[in-house]
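Undergrad: The structure that follows is given in the form of structure tokens.
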Amino acid sequence: MTEAITPLTARPAWRALTEHHAAIRERHLRELFAEDPGRGESLAVEAVGLYLDYSKNRITDETLRLLLQLAEASGLRARIDAMFRGEKINITEGRGVLHVALRAPRGATILVDGENVVPGVHAVLDRMSAFVSRVRSGDWRGHTGKRIRNVVNIGIGGSDLGPVMAYEALRHFSDRSMTFRFVSNIDGTDFAEAVLDLDPAETLFIVSSKTFTTLETMTNARTAREWLLRGLRGDEKAVARHFVAVSTNAEKVAEFGIDTANMFEFWDWVGGRYSMDSAIGLSTMLAIGPDHFRALLDGFHQMDEHFRTAPFERNLPVLMGLLSIWYVNFFDAPTIAVLPYEQYLKRFPAYLQQLTMESNGKRVTLDGVEVDYQTSPIYWGEPGTNGQHSFYQLIHQGTRLIPCDFIAFHKSLNPMGRHHDLLLANVFAQSEALAFGRTPEEVRAEGTPDWLVPHRVFTGNRPSNTILAEQLTPEILGKLVALYEHCVYTQGVIWNINPFDQWGVELGKALAQRIIPELESEQEPALDHDGSTNALIRRHRKIGKRSKG
Ligand code: G6Q
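Residue numbers (our numbering): 14 to 562.
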């Protein structure tokens, strides 16, 4: 438990921010830039290869001073140290939170219950590397002697979103002679479509599940085994060559029929949504190879060290976390848009949705007291420039304030004529348009008739961050993911909530278990749900059974 501390909204730093907000909320970015044209450079930080321009935020030096004071008053420094020391900061599950140990260099020491976990992390990485090299070189073959050409990761949530995102993000570095697919949904269509054109003799399944009990993953894994055996004339021995597991639960892996020699382990101090750099990344390593995977881990580690050691005023995750608090809690902004101008990052917003919202979508403090302030905003987004031709309208001219994170790279992995400069011109233009808008006078001066002027005015004063890096590499991807991980932790510390549990997903799971037999039973079941749920179940029993024919 945490020591009794003053509730967040009663702290002097919070009150000072409330007053300060009232004083500056009408100030326009046009004025702020006019007063200090140098803020484009002074409100920017470069660290570990990422450049953050946060000058187009509705802040002054005083705002920053107060936000940093809030961070100090919230004990952020001590809480960061507690995480890195392996303290059981996930208090509702009694666990340490040590994704940072997954990327600690060989030789580092991080203790969990007195035991250094780093050698174990590297032992698994070494086993993964050896296995990956065998598969990629064709040494590890399928049951019939054919080379493995297809890899299907079966997992959901934290055991899917990271691998999918990383595969898409790092496709440029992947072995193009191999096919990678990801099955997560319990909807049979997901599996059916994933294997439609695959030859079982050339297909390796990775069953990725921390608990090895998740309904979706276990159902898909059983279906995969049936599909494989059907394709390989029912020879049970084939399973050992075509199935590997990633899990913390050796017993359940063995029970499922996967040899634990083919299991890659991780630990209960790795949260699902923080696990893409653990053995859950096996599909990523198969795609990009062990060296690139190590570069990814090194990127994570560099950002970890930056977060742990940099002063808060130059600390990228801390600054981004504090800015999000400024908008969510003082401007009442309900959402934050993440807009990568990089096609390979097309699944990055979806990945971040879990990282941010499953972590900080909480309504009670660490002490179990209901909060009287907002917690996680809704994170969403799409790659630019596509979003510009759809929802950006609302960001520019709608009634809501939507802070944006723009992410872009100076160099394209696929340089082609003018494409890249056009892409970058667009990202710079968007943040400029959002910040400065277009006044009625400017619109009128263009000869716009009076009645049309209001429609064409852009109020501006819409904040954004711009994150730039040289090129999207495995190392940079690690840094970007760690940036958001630690931004989420910064938010969680200030809101005094636990970012590392997810009890909110439990109720629906438990109720589904109750409904499954009610849908499957031959006899008409006695239903005692609410009137709506009873009617839905009856309707499905009637129509679903009929259409099964
Ligand atoms: C992530 C969550 C959740 C989890 C999935 C899959 O932080 O805990 O998304 O990753 O429910 O769980 P298993 O890996 O245990 O199958």
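Glycine included, C-beta positions come from ideal geometry on N, C-alpha and C.
1. So, is Arg-147 buried or exposed, given that buried needs 16 or more other C-beta atoms within 10 angstroms?
2. Since Ser-337 is in the alpha helix (DSSP H), which residue starts that stretch and which ends it?
3. Would you say the beta carbon of Ile-420 comes nearer than 7 Å to a heavy atom of the ligand G6Q?
4. Distance, Cα to Cα, Thr-157 vs Glu-128?
5. In this structure, does DSSP put Asp-385 in helix, strand or coil?
6. What does the alpha-carbon distance come out to for the pair Glu-54 and Arg-238?
7. Taking the C-alpha atoms as reference points, what is the distance between Arg-28 and Phe-343?
8. Below 7 Å, is the gap between the Cβ of Ile-169 and the nearest heavy atom of the ligand G6Q?
9. Going by C-alpha to C-alpha distance, which of Leu-414, Ala-482 and His-499 sits closest to Pro-476?
10. Alpha carbon to alpha carbon, what distance is there between Met-298 and Val-629?
11. In chain order, what residues of the same chain have a beta carbon less than 6 Å from the beta carbon of Arg-327, not counting five sequence neighbours either side?
12. Could you give the first and the last residue of the continuous alpha helix (DSSP H) run that contains Thr-31?
13. How about the stretch 129–149 and the stretch 298–311: do they share at least three Cβ pairs that are nearer than 8 Å?
14. Which stretch, first to last residue, makes up the beta strand (DSSP E) that contains Asn-166?
15. Name the residue from Asp-210, Leu-138, Tyr-340 and Arg-98 whose alpha carbon lies nearest to the alpha carbon of Ile-37.
16. Classify Ala-258: buried if its beta carbon has 16 or more other beta carbons within 10 angstroms, exposed otherwise.
17. Is the separation between the beta-carbon of Gly-171 and that of Gly-284 shorter than 8 Å?
18. Please give me, in chain order, every unbroken run of the alpha helix (DSSP H) with length at least 4 that falls completely inside the stretch 368–413.
19. Nearest CA to the CA of His-319: which residue from Glu-44, Leu-63, Leu-242 and Glu-48?
20. Using only the heavy atoms of the ligand G6Q, determine whether one of them is closer than 7 Å to the beta carbon of Ser-389.
21. Does the distance from the C-beta atom of Ala-292 to that of Leu-490 stay below 8 Å?
22. Distance check for Leu-242 and Asp-248, CA to CA, integer angstroms please.
23. According to DSSP, Cys-417 sits in a beta bridge with which residue or residues?
24. Considering only their Cβ atoms, is the gap separating Gly-168 from Pro-213 smaller than 8 Å?
25. Using a threshold of 7 Å, is the CB atom of Gln-367 nearer than that to any non-hydrogen atom of the ligand G6Q?
26. Return the chain-ordered ranges of every alpha helix (DSSP H) run that is complete within the stretch 186–273 and spans a minimum of 4 residues.
27. What does a CB cutoff of less than 6 Å around Arg-116 pick up in its chain, not counting 5 residues either side in sequence?
28. Here's the rule I'm using: 16 or more other beta-carbon atoms within 10 Å means buried, otherwise exposed. How should Pro-330 be labelled?
29. Can the beta-carbon of Ser-197 be found closer than 8 Å to that of Asp-188?
30. Alpha carbon to alpha carbon, how far is Leu-407 from Gln-401?
31. Any heavy atom of the ligand G6Q closer than 7 Å to the Cβ of Lys-375?
32. To which residues of the same chain is Ile-507 closer than 8 Å at the C-beta, ignoring the five residues directly before and after it?
33. Is it the case that the CB of Lys-265 approaches a heavy atom of the ligand G6Q more closely than 7 Å?
34. Given the structure, does Glu-498 come close to the ligand G6Q, in the sense that its CB is under 7 Å from one of the ligand's heavy atoms?
35. Sort out for me which residues DSSP pairs Val-125 with in a bridge.
TA: Considering the structure as presented:
1. As a position in the sequence shown, residue 147 is number 134, starting the count at 1. Exposed, since its Cβ has fewer than 16 Cβ neighbours within 10 Å.
2. Position 324 of the sequence shown, counted from the start, is the residue given in the question as residue 337. Run containing Ser-337: 329–338, per the alpha helix (DSSP H) assignment.
3. The sequence position of residue 420 within the sequence shown is 407, counting from 1. No, since every heavy atom of the ligand G6Q falls outside the 7 Å radius drawn around the Cβ of Ile-420.
4. Taking the first residue of the sequence shown as 1, we reach residue 157 at position 144. Taking the first residue of the sequence shown as 1, we reach residue 128 at position 115. Taking the straight line joining both Cα atoms gives about 43 Å.
5. Position 372 of the sequence shown, counted from the first residue, corresponds to residue 385. Note: Asp-385 maps to coil in three-state DSSP.
6. In the sequence shown, residue 54 corresponds to position 41, counting from 1. In the sequence shown, residue 238 corresponds to position 225, counting from 1. The alpha-carbon atoms of Glu-54 and Arg-238 are separated by roughly 57 Å.
7. As a working mapping, residue 28 is identified with position 15 in the sequence shown. As a working mapping, residue 343 is identified with position 330 in the sequence shown. Their Cα atoms are separated by approximately 11 Å.
8. Taking the sequence shown and counting its residues from 1, one reaches residue 169 at position 156. Within the cutoff, so yes.
9. Taking the sequence shown and counting its residues from 1, the one referred to as residue 476 is at position 463. Of the listed residues, the one whose Cα sits closest to Pro-476 is Leu-414.
10. Outside the shown range of the chain (14 to 562) lies residue 629, about which nothing can therefore be said.
11. Locating residue 327 in the sequence shown gives position 314, counting from the first residue. Cβ neighbours of Arg-327 beyond the five flanking positions: Val-58.
12. Here the question's residue 31 lines up with position 18 in the sequence shown. That run of the alpha helix (DSSP H) goes 25–37.
13. A contact exists between the stretch 129–149 and the stretch 298–311.
14. Working through the sequence shown from its first residue, we reach residue 166 at position 153. Where Asn-166 is concerned, the enclosing beta strand (DSSP E) stretches over 163–167.
15. Residue 37 sits at position 24 when you count from the first residue of the sequence shown. Just measuring C-alpha positions, the residue of Asp-210, Leu-138, Tyr-340 and Arg-98 sitting nearest Ile-37 is Tyr-340.
16. Here residue 258 refers to the residue found at position 245 of the sequence shown. Ala-258 is buried by the Cβ-count criterion.
17. Position 158 of the sequence shown, counted from the first residue, corresponds to residue 171. Position 271 of the sequence shown, counted from the first residue, corresponds to residue 284. Yes, the Cβ-Cβ distance between Gly-171 and Gly-284 is below 8 Å.
18. 405–410
19. One-based indexing of the sequence shown puts residue 319 at position 306. Selected option, being the one with the closest Cα: Leu-63.
20. By 1-based counting over the sequence shown, the position of residue 389 is 376. No, the ligand G6Q has no heavy atom inside 7 Å of this Cβ.
21. Locating residue 292 in the sequence shown gives position 279, counting from the first residue. Locating residue 490 in the sequence shown gives position 477, counting from the first residue. No, the Cβ-Cβ distance between Ala-292 and Leu-490 is not below 8 Å.
22. By one-based count along the sequence shown, residue 248 stands at place 235. By one-based count along the sequence shown, residue 242 stands at place 229. Each residue's alpha carbon lies about 6 Å from the other.
23. By one-based count along the sequence shown, residue 417 stands at place 404. For Cys-417, which the question treats as bridged, DSSP gives the partners Ala-350 and Ser-477.
24. Position 200 of the sequence shown holds residue 213. Position 155 of the sequence shown holds residue 168. Taking 8 Å as the Cβ cut-off, Pro-213 and Gly-168 do not qualify as a contacting pair.
25. Here the question's residue 367 lines up with position 354 in the sequence shown. Yes, Cβ of Gln-367 sits closer than 7 Å to a heavy atom of the ligand G6Q.
26. Whole alpha helix (DSSP H) segments, 4+ residues: 201–208, 228–244, 252–255 and 263–269.
27. Here residue 116 refers to the residue found at position 103 of the sequence shown. Around Arg-116: Asp-290, Leu-310, Phe-313 and His-314.
28. Sequence index remark: in the sequence shown, residue 330 carries index 317 (1-based). So Pro-330 ends up on the buried side.
29. As a working mapping, residue 197 is identified with position 184 in the sequence shown. As a working mapping, residue 188 is identified with position 175 in the sequence shown. Result no, Cβ atoms of Ser-197 and Asp-188 do not sit closer than 8 Å.
30. Counted from its first residue, the sequence shown places residue 407 at position 394. Counted from its first residue, the sequence shown places residue 401 at position 388. Computed Cα separation, rounded: 10 Å.
31. Sequence index remark: in the sequence shown, residue 375 carries index 362 (1-based). No - the ligand G6Q has no heavy atom lying nearer than 7 Å to the Cβ of Lys-375.
32. Translated into the one-based positions of the sequence shown, residue 507 becomes position 494. Contacts found: Leu-21, Leu-83, Ala-84, Ser-87, Leu-89, Gly-334, Leu-335 and Ile-338.
33. Counting from one through the sequence shown, the residue named residue 265 turns up at place 252. For the ligand G6Q, not one heavy atom lies less than 7 Å from the Cβ of Lys-265.
34. As a first step, residue 498 is located in the sequence shown; it is residue number 485 there, counting from the start. No, the ligand G6Q has no heavy atom inside 7 Å of this Cβ.
35. Stepping through the sequence shown from its first residue, residue 125 is reached at position 112. Answer by DSSP bridge pairing, in chain order: Glu-128.
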